[in-house]
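Position one of the sequence shown corresponds to residue -5 (my numbering), numbered consecutively onward.
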Amino acid sequence: MRRSGLDDVKYLLSETSADRLGAGTAEVAFVGRSNVGKSSLINAVCRKDLARVSGTPGRTRAINVFAAAPGRWLVDLPGYGYAQGAQAERAGWGAMIEGYLTRRPALRRIFVLVDAKVGPTRLDLDMLAWLQSQGLPWRVVATKSDQVKRAASAARRGEAARLMGILPENLAWVSAAENVGVKELRVEVEALLQSGSD
Ligand SMILES: Nc1nc2c(ncn2[C@@H]2O[C@H](COP(=O)(O)OP(=O)(O)OP(=O)(O)O)[C@@H](O)[C@H]2O)c(=O)[nH]1
Ligand SMILES: [Mg+2]
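Below you can see the structure in the form of C-alpha cells.
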C-alpha cells in the first residue's frame, strides 16, 4: 500500500540550487514575504516542529525539503523582499526561488502566503502575476489571521481577495498560532501529495 498522509513528515535536505534536487513524485511549496509565517505554517500543517521559526526576517535561506514519504515533499522556500541590498532580491524574489518554481515537474501547488492584516504587498502581487504568466498552479493563504480583529476579518479578507483578483472563499484564512484553518490546509496538502504514481 502506498504511504500517504502527513503523520510522519521528516526533514530531508536543504539546497541552494533547484538543479541539485532529485526528482520528486508530488511536491507542494510555500512561498511568501520574509517573516510572513511560511515555516510556522508548515509546522502547524505537519503538527511537528520541523521548520525553523524566527522573529528575525530572512531565517529560511535555502530550499528546505520535508518528506511525507519518499518523493512526496513539502518545500519551505526562502522569503522574498528581505535582503534590500541584494541584487537578486531587488530584482524580484531571487534566482533560487524562481529556479525551484520553474524546474519542478512534480510541483502540484504553490501556496503563496500573504499577511492577513497587511494584505498583499507589491511583491506579493508581482509574484502572483509571475506565477500566472508561467502557468504554475497557485493558491493564496492569508497568515496570522489572529492579528485581525474578528469584526474586521470579513472586510479584510474581501479586500485582500479583490486586490489579488480572487474570490474571498478562495483565499485561505489561517492562523498557525491559533490553529485556524490549518486542518483544512492539511487535508488539501495530503490530497496533493497523494497524487501521482510512485
Ligand atoms: N500572531 C502570529 N504570529 C505568527 C503566526 N505564524 C508565524 N508567526 C510569527 O511570525 C514570525 C515569522 O514566522 P516564520 O514562520 O519564521 O516566518 P517565515 O515566513 O518562515 O520567515 P522567513 O523564513 O524569515 O522567510 C515568528 O515570530 C512567528 O512566531 C501566526 O499564525 N500568528
Ligand atoms: Mg522560514
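Heads up, the beta-carbon is just placed ideally off N, CA and C, and yes, glycines get one too. Source: prediction; values computed, not measured.
Residue environment for K4: exposed (fewer than 16 other C-beta atoms within 10 angstroms of its C-beta). The C-beta distance from V176 to V135 rounds to 10 Å, too long to fall under 8 Å, and the pair is not in contact.
Secondary structure note for Y94: it is in no beta strand (DSSP E), and the uninterrupted alpha helix (DSSP H) holding it is A89 to T96. Assignment of G16 by DSSP, reduced to helix, strand and coil, places it in the coil class. Between S28 and G88, the C-beta spacing is not below 7 Å.
If the five residues before and after L7 are omitted, its C-beta is found closer than 6 Å to the C-beta atoms of V59, all from its own chain and listed in chain order. Relative to ligand 1, even the nearest heavy atom lies 6 Å or more away from the CB of A154. Note that the stretch 35 to 46 does not touch the stretch 9 to 21; fewer than 3 beta-carbon pairs, one per stretch, sit closer than 8 Å. In this structure, the CA atom of A185 is about 12 Å from the CA atom of W67. The three-state reading of DSSP puts G73 in coil, since its state is none of H, G, I, E or B. Per DSSP, the beta bridge partners of T137 are D109.
Remark: the C-beta of S33 is in contact range of ligand 2, defined as less than 6 Å to any heavy atom.
The C-alpha of K111 lies about 8 Å from the C-alpha of K138. In the DSSP annotation of this structure, I57 is not part of any alpha helix (DSSP H); the continuous beta strand (DSSP E) holding it starts and ends at I57 to A63. Secondary structure at A166: strand, using DSSP grouped into helix, strand and coil. Not one heavy atom of ligand 1 falls within 6 Å of the beta-carbon of N173.
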